[in-house]
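Heads up: the structure comes next, in structure tokens.
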Amino acid sequence: MSAAIIDGKAIADDLRAAIATEVAAIATRDGLQPGLAVVLVGSDPASEVYVGSKARQTVAVGMRSFEHRLPADVSEAELLALVATLNEDDAVDGILVQLPLPAHIDSNRVIEAINPDKDVDGFHPVNAGRLLIGLPGLVACTPLGSLLLVRTVHPDLSGLSAVVIGRSNIVGKPLAQLLLQYNATVTIAHSRTHDLPSVCRSADIVVAAVGRPEFVRGDWIKPGATVIDVGINRLPPKAGETKGRLVGDVAFEEVRAVAGAITPVPGGVGPMTIACLLRNTLQAFKARRGVAKF
Ligand code: NAD
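The sequence shown lines up with residues 843 to 1136 when you count with this note's numbering.
So this is what it looks like as structure tokens:
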């Protein structure tokens, strides 16, 4: 058996097309345009790439993109002042401060300064709390994208068991909450879990958000299970390569031979993250303007 490939790129393309259609309808009907502000501190090359593609995709769906680039030595007070300005700016529906921030800046303080109703990254404690108790709110983009991919295979998660490997605040925990909200029976596994392979073997859905290349092996997977690989890891370059290969947290070929469906890396969860950022921006716009409740 060879697993079906869950084509995150195509699913993200469809999601962006649906968002673009709705944004165009809003422009025609109301003469309004949702806006996303992205703040980048310093010049980390990976962050530069992310911020660049966020801006391009924002404009491509018809939204306004506001980019704010601050030097690496900007003070926390200056960054907080910018966040306060964006909170007040009526043209800005979503605010994203690209992480990681330089060590002299307290990321939690910055996240908590963002108006929760503009917190399109879904990292503010108010949005984390809303998710926990099942209130509508803005949900972190990578977990939301992962859930949408799971639901392309399992529209109804009732009665299914899911194991999420990883308990970070930005992926593992919110994704476990989302799966629970959709009635899966959820286990959160982490670095202190005993006998992880047999924990995984019990699951209908395995999500890997660990940050270790090709960590999840074929013999950990129940035949026919759905496997979502959140990991993005760059292997060291082999002789003759300039850049190492990009791999996930799942040993793709091994797991593919056993699973029922699997996301590839690249082309799985990755493309969903920015598409969900745009989805959140549209959702924040609609909630702020009273077009629709979250
Ligand atoms: P993190 O380092 O914050 O968390 C990793 C988690 O893995 C921890 O909770 C830890 O308990 C668990 N873990 C570590 N070693 C383990 C082990 N041996 N056994 C079981 N669990 C173990 O990482 P993160 O921010 O949650 O990211 C996880 C992965 O997802 C990374 O590869 C990251 O690059 C990727 N990621 C991808 C996207 C995307 O857009 N696709 C977004 C965010 C993160």
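Don't be surprised by glycine CBs; every beta carbon is placed ideally from N, CA and C.
Nearest candidate by alpha-carbon position, reference residue i, set the options
| i | options | result |
| --- | --- | --- |
| residue 1073 | 899, 1049, 890 and 1003 | 1049 |
| residue 987 | 1131, 1114 and 1123 | 1114 |
| residue 862 | 906, 843 and 845 | 906 |
| residue 1098 | 1112, 1121, 1066 and 1108 | 1066 |
| residue 1047 | 955, 971, 870 and 998 | 998 |
| residue 1110 | 843, 891 and 855 | 855 |
| residue 1105 | 938, 958, 995 and 894 | 995 |
| residue 1002 | 1008, 1009, 985 and 1022 | 1022 |
| residue 857 | 866, 903, 884 and 885 | 903 |
| residue 978 | 1020, 945, 1010 and 849 | 1020 |
| residue 896 | 849, 1130, 983 and 1076 | 983 |
| residue 892 | 941, 866 and 930 | 941 |
| residue 957 | 916, 852, 875 and 926 | 926 |
| residue 886 | 943, 936, 929 and 900 | 943 |
| residue 1116 | 846, 843, 850 and 844 | 850 |
| residue 918 | 883, 899 and 845 | 883 |
| residue 921 | 935, 899, 936 and 949 | 949 |
| residue 955 | 874, 939 and 872 | 939 |
| residue 1051 | 888, 985 and 1040 | 985 |
Enclosing beta strand (DSSP E) for residue i [first to last residue]
| i | result |
| --- | --- |
| residue 877 | 877-883 |
| residue 906 | 906-912 |
| residue 938 | 936-939 |
| residue 1030 | 1027-1031 |
| residue 1050 | 1047-1050 |
| residue 1003 | 1003-1007 |
Distance cut-off 7 Å: residue i Cβ against heavy atoms of the ligand NAD
| i | result |
| --- | --- |
| residue 1038 | yes |
| residue 966 | no |
| residue 1059 | no |
| residue 1091 | yes |
| residue 1054 | yes |
| residue 1003 | no |
| residue 1086 | no |
| residue 1111 | yes |
| residue 907 | no |
| residue 1026 | no |
| residue 996 | no |
| residue 949 | no |
| residue 1100 | no |
| residue 862 | no |
| residue 1010 | yes |
| residue 1033 | yes |
Residue i: first and last residue of the uninterrupted alpha helix (DSSP H) it sits in
| i | result |
| --- | --- |
| residue 1126 | 1111-1131 |
| residue 897 | 887-902 |
| residue 1071 | Per DSSP, residue 1071 belongs to no alpha helix (DSSP H); it is in the beta strand (DSSP E), 1068-1071. |
| residue 995 | 983-995 |
| residue 952 | 949-955 |
| residue 850 | 850-872 |
| residue 920 | 918-930 |
| residue 1039 | 1038-1043 |
| residue 975 | 967-975 |
| residue 1054 | Residue 1054 -> no alpha helix (DSSP H), and no H or E assigned at all. |
| residue 1018 | 1014-1023 |
| residue 1098 | 1094-1098 |
- Determine, using beta-carbon pairs with one atom in the stretch 1051-1059 and one in the stretch 1079-1092, whether at least three such pairs fall under 8 Å. yes
- Message: Using a Cβ distance threshold of 8 Å, determine whether the stretch 909-921 contacts the stretch 877-892, with at least three qualifying pairs required.
- Response: yes
- At a cut of 8 Å, does the stretch 1064-1071 reach the stretch 1027-1040 through at least three beta carbon pairs? no
- the stretch 1004-1014 contacting the stretch 1077-1084, beta-carbon criterion three pairs below 8 Å: no
- Item | the stretch 1119-1134 touching the stretch 958-974, judged by at least three CB pairs closer than 8 Å | yes
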